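Novice: Okay, so the sequence shown: first residue is 13 according to this note's numbering, each after it adds one. Note that CB positions come from ideal geometry on N, CA and C, so glycine has one too. Keep in mind that this is a model prediction, so the values were computed, not measured. Could you have a look at this structure, given as structure tokens, before my questions?
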Amino acid sequence: MLKAFFDALFCVTLPKLIGSHVIQVNFVTILSTDDDTTAVGHGKPNVFEWISDILKELLDLKLNGIVVNIPDSSGHVSPIHFEIIFLGIVGDLPALAMMLNFKGHNGYYACFFCLTRGVYDTKVLYPFTRPLVERSSDDFKRFALEGSPQNDCFGHYGMSVISELYDHDLPSAIMIDYLHTSLLRQTKTIITHLRELLSISEIERLDTLLKHQSFPHTFNRRLPSFLNLAYVKGSELRNLLLYAMIPRLIDFFDIELVSFLCLFVCGVRLLHGSPVVAVDRCIRQQLSSQLFDDYQRNVSQYFNKINTLTCHLHDHY
């Protein structure tokens with residue numbers, strides 16, 4: 013199995029502390045394998061060159077499964093064949109785009125699940141659209157066959173290196189990463205816009221309330237500060253979104269804005285919070301879908317240009 017250790021991948025430009033000049037700092041890439049061979053370079057490595065062997069092993073598992081020798085009570089060993097099924101692929105948007113050979117999140121056809129076209133307005137936005145034109149498994153394969161690195165076809169740059177692992181299961185096998193999409197992107201974006209509506213004294217007062225918010229001992233992280241979101245953790249944003257945002261924001265914002273935020277909070281809570289007693293999972297999905305619909309339909313009335321791809325992906329939870 014190949015192991016890779018990345019020190020740094022890119023050439024980075026750093027500003028000097030004094031003067032108007034810039035200095036160019038070149039970091040090297042170090043790759044190490046099991047046989048102790050090492051490759052050093054100044055550019056970003058071709059990931060697919062060193063994961064090709066792994067993909068071959070995964071495909072072999074899919075086609076042939078595995079055989080396990082299991083002894084019975086008498087000590088006789090019987091070989092049992094197990095079929096291996098790959099259920100899905102999950103990752104943040106850059107990782108998924110790379111593995112699926114797909115347009116990045118700032119492209120016009122960047123949604124893996126539908127054919128909604130983005131609109132450019134200083135950045136690519138995805139307006140609320142109904143009905144959604146979903147990508148079928150046949151569409152996904154056909155567009156991939158027609159796409160090329162120089163000319164994409166509805167976001168596809170060609171066939172994906174993992175397409176053989178999933179047969180006709182794409183795009184249904186693609187799983188949206190709730191940590192990155194709902195927490196580190198959309199929730200963090202909402203907080204950033206809310207912060208701009210407050211004075212420094214109001215932010216400090218809100219931060220004091222969040223800092224002293226009491227939680228059960230099972231909560232391993234405190235609430236994040238509105239002043240500094242640079243190193244915020246997903247679990248901190250989750251605690252803020254699901255348990256503290258609405259009751260704490262009531263004293264700082266109009267009730268209409270806070271009520272609108274309830275659409276997003278409750279939608280995420282139904283899908284990713286603790287199980288709701290006596291509420292079937294399918295009903296929870298239907299309710300969250302309705303809440304996300306209302307949220308995306310009206311989000312531009314409350315926040316400026318946050319209906320990006322990460323916002324749009326809540327249509328496909």
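#1: Report the rounded CA-to-CA distance for N113 versus I92, giving the unit in angstroms.
#2: Let me know the secondary structure DSSP gives S90 once reduced to three states.
#3: Is M171 helix, strand or coil when you go by DSSP?
#4: Going by C-alpha distance, which of D181, G279, F231 and Y314 is nearest Q297?
#5: Could you have a look at H328 and say whether DSSP puts it in helix, strand or coil?
#6: Put C126 into one of helix, strand or coil per three-state DSSP.
#7: Measure the C-alpha to C-alpha separation of D150 and L182 and round it to an integer number of angstroms.
#8: When you compare only the Cα positions, how much space is there between V102 and L299?
#9: Within 10 angstroms of its Cβ, does A242 collect 16 or more other Cβ (buried), or is it exposed?
#10: Would the beta-carbon of L249 fall within 9 angstroms of that of K200?
#11: Alpha carbon to alpha carbon, how far is E95 from V89? Give it in angstroms, no decimals.
#12: Between R154 and G167, what straight-line distance do the alpha-carbon atoms span, to the nearest angstrom?
#13: Of all the options M110, L144 and P139, which has the alpha carbon lying nearest to the alpha carbon of P332?
#14: For the beta strand (DSSP E) that contains G100, what are its first and last residues?
#15: What separation, rounded to the nearest whole angstrom, lies between the Cα atoms of R129 and C323?
#16: From the DSSP output, in three-state form, read off I188 for me.
#17: Going by DSSP, which residues form a beta bridge with I78?
#18: What number of angstroms, rounded off, separates the C-alpha of V277 from the C-alpha of F231?
#19: Just mark P83 as buried or exposed, buried being the case when its beta carbon has 16 or more other beta carbons within 10 Å.
#20: Does DSSP put T320 in a helix, in a strand, or in coil?
#21: Quick check: what's the CA-CA separation for H117 versus S271?
#22: Please identify the residue among L99, R142, E214 and L144 whose C-alpha is closest to the C-alpha of S175.
Specialist: Straight from the coordinates:
#1: 37 angstroms
#2: strand
#3: coil
#4: G279
#5: helix
#6: strand
#7: 9 angstroms
#8: 24 angstroms
#9: exposed
#10: yes
#11: 19 angstroms
#12: 12 angstroms
#13: With the chain represented from 13 up to 329, any question about residue 332 goes unanswered, as that position is not in the structure.
#14: Where G100 is concerned, there is no enclosing beta strand (DSSP E), given that its DSSP letter is neither H nor E.
#15: 14 angstroms
#16: strand
#17: F94
#18: 19 angstroms
#19: exposed
#20: coil
#21: 29 angstroms
#22: L99
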